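Asker:
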Amino acid sequence: MGETSGLPHTVRPRHPSPRLYRKQFDLMRALPLRHLRVAAAVIVLSATVGLAACTGPATSATSSSSAAPSAHLVHLVDVDGKPLPGTTGRGWGDDVFASPVESDTTFSHPFSVPSGAASAATFISPRGGEWTTSRWDASGWLGIATDGVLLPNVKISGLTTAGSGDPSGTEAVARRGGDYSLGIAFLDAGGRVIEADFASVTLAPADNPSDATWTWVAPAS
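For the sequence shown, the working numbering gives the first residue as 11, with consecutive numbering after it.
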């Protein structure tokens, strides 16, 4: 996780070689009858190993591409630091702030900056694409300080840098609607995500992005 490249490389399975099996059958014809059972067992074992080689890498590739969870719980709050009800629809351009705690009316609970972080960004992505910048739909620059990132504004219209994900850009996201992740990410000097903190949001599609609304799912404590 955390790579800026695409999905993990999928290993193409190698099919058992027919030429190898032809040689084995030719060998069987030359064997005495008492050895046929042993030779047949060898061929069955070879076929089993060949099938294992085909299915093994595919299983590994699937498990390695499983979506990673948010590094920390993310709550969305309003301008007063009060909890934002998940069932209340928010507008595409409404100010919404991310917080590691459910309520932060004292404005005193920043996200800690992880070791190795050189920059930070707000982002929206398809669910499962949070840790891979090439899958982000859109992002916004976010300054970081030694004492952390306090209440970053994650309003969707503020994510002005279109990403290479599908769809690309917040206007395209608003028109398509659907399920996404909204949050912040810390990146190393090479632009790789070393921490992603996000919440799940659902957008109602709208032809005019300014009319789009969305709701979010509060994390289980």
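Just so it is clear, CB atoms sit at the ideal spot from N, CA and C, and this is done for glycine as well.
The structure displayed is predicted, hence computed values, not measured ones.
In terms of alpha-carbon separation, which member of Arg137, Thr143, Gly139 lies closest to Ala131?
Answerer: Against the sequence shown, residue 131 aligns to sequence position 121. Comparing Cα positions, the closest option is Thr143.
Asker: Any idea what DSSP makes of Pro219, helix, strand or coil?
Answerer: In the sequence shown, counting from the first residue as 1, residue 219 sits at position 209. In the structure shown, Pro219 sits in a helix (DSSP, three-state: H, G or I).
Asker: Which complete alpha helix (DSSP H) runs does the segment 161-206 hold, if anything under 4 residues is left out?
Answerer: You should have 180-186.
Asker: Rounded to a whole number of angstroms, what is the C-alpha to C-alpha distance between Gly91 and Ala81?
Answerer: Within the sequence shown, numbered from 1, the residue matching residue 91 stands at position 81. Within the sequence shown, numbered from 1, the residue matching residue 81 stands at position 71. Taking the straight line from one Cα to the other gives about 21 Å.
Asker: Using the rule of at least 16 other Cβ atoms within 10 Å of the residue's Cβ for burial, across every protein chain shown, is Trp151 buried or exposed?
Answerer: As a position in the sequence shown, residue 151 is number 141, starting the count at 1. Exposed.
Asker: Taking Thr170 as the reference, which of Asp176, Ser149, Gly126 has the closest Cα?
Answerer: To locate residue 170, count along the sequence shown from 1; it is residue 160. Of the listed residues, the one whose Cα sits closest to Thr170 is Ser149.
Asker: Below 8 Å on the Cβ atoms is my guess for Trp226 versus Ala209; work out the distance and round it to an integer in Å.
Answerer: Along the sequence shown, read from residue 1 onward, the residue named residue 226 stands at position 216. Along the sequence shown, read from residue 1 onward, the residue named residue 209 stands at position 199. Going by Cβ atoms, the distance from Trp226 to Ala209 rounds to 5 Å, so yes, they are a contact pair.
Asker: Considering only their Cβ atoms, is the gap separating Ser191 from Arg137 smaller than 8 Å?
Answerer: Residue 137 sits at position 127 when you count from the first residue of the sequence shown. Residue 191 sits at position 181 when you count from the first residue of the sequence shown. Yes, Cβ-Cβ distance for Arg137 and Ser191 is below 8 Å.
Asker: Output the distance between the C-alpha atoms of Thr97 and Leu86, rounded to the nearest integer angstrom.
Answerer: Here residue 97 refers to the residue found at position 87 of the sequence shown. Here residue 86 refers to the residue found at position 76 of the sequence shown. Rounded to whole angstroms, Thr97 to Leu86 spans 12 Å at the Cα level.
Asker: If Ala222 and Leu213 are in contact, beta carbons under 8 Å, what's the gap, nearest whole angstrom?
Answerer: By 1-based counting over the sequence shown, the position of residue 222 is 212. By 1-based counting over the sequence shown, the position of residue 213 is 203. With a Cβ gap of about 6 Å, Ala222 and Leu213 count as contacting.
Asker: Could you check how far apart the C-beta atoms of Val164 and Phe107 are, in whole angstroms? I think they sit under 8 Å.
Answerer: By 1-based counting over the sequence shown, the position of residue 164 is 154. By 1-based counting over the sequence shown, the position of residue 107 is 97. Between Phe107 and Val164 the Cβ distance is about 7 Å, and since that is below 8 Å, they are a contact.
Asker: Could you compute how far the alpha carbon of Gly187 sits from the alpha carbon of Ala127?
Answerer: Taking the first residue of the sequence shown as 1, we reach residue 187 at position 177. Taking the first residue of the sequence shown as 1, we reach residue 127 at position 117. For Gly187 and Ala127, the distance between alpha carbons rounds to 32 Å.
Asker: What residue ranges within the segment 103-162 form continuous alpha helix (DSSP H) runs of no fewer than 4 residues, ordered along the chain?
Answerer: As far as the segment 103-162 is concerned, it has no whole alpha helix (DSSP H) run of at least 4 residues.
Asker: DSSP state of Ala209, grouped into three classes?
Answerer: Here residue 209 refers to the residue found at position 199 when the sequence shown is read from its first residue. Strand at Ala209.
Asker: Alpha carbon to alpha carbon, how far is Thr116 from Ala195? Give it in angstroms, no decimals.
Answerer: Position 185 of the sequence shown holds residue 195. Position 106 of the sequence shown holds residue 116. Between Ala195 and Thr116, the C-alpha separation is close to 23 Å.
Asker: Can you give the beta carbon distance from Thr180 to Pro124, rounded, assuming they're within the 8 Å contact cut?
Answerer: Within the sequence shown, the letter at position 170 stands for residue 180. Within the sequence shown, the letter at position 114 stands for residue 124. Actually they do not touch by this definition, with Cβ atoms about 26 Å apart.
Asker: In its own chain, which residues sit with a C-beta less than 7 Å from the C-beta of Gly139, not counting the 5 before and 5 after it?
Answerer: If you number the sequence shown from 1, residue 139 lands on position 129. Hits under 7 Å: Arg145, Trp146, Gly175.
Asker: Give every residue of the same chain whose Cβ lies closer than 8 Å to the Cβ of Pro215, excluding the five residues on either side of it in the sequence, and list them in chain order.
Answerer: Here residue 215 is taken as the residue at index 205 of the sequence shown, counted from 1. Taken in chain order, the residues that qualify are Ala184, Arg185, Arg186, Gly187, Gly188, Ala222.
Asker: According to DSSP, is Leu86 helix, strand or coil?
Answerer: Taking the first residue of the sequence shown as 1, we reach residue 86 at position 76. The answer is strand: DSSP assigns Leu86 an E or B state.
Asker: Within a Cβ cutoff of 6 Å, which residues of the same chain sit near Ser198, ignoring the five residues on either side of it in sequence?
Answerer: For this step, residue 198 is matched to residue 188 along the sequence shown. A small correction: the amino acid at residue 198 is Asp; Ser does not occupy that position in the sequence shown. Only Gly126, Ala128, Ile204 meet the Cβ criterion.
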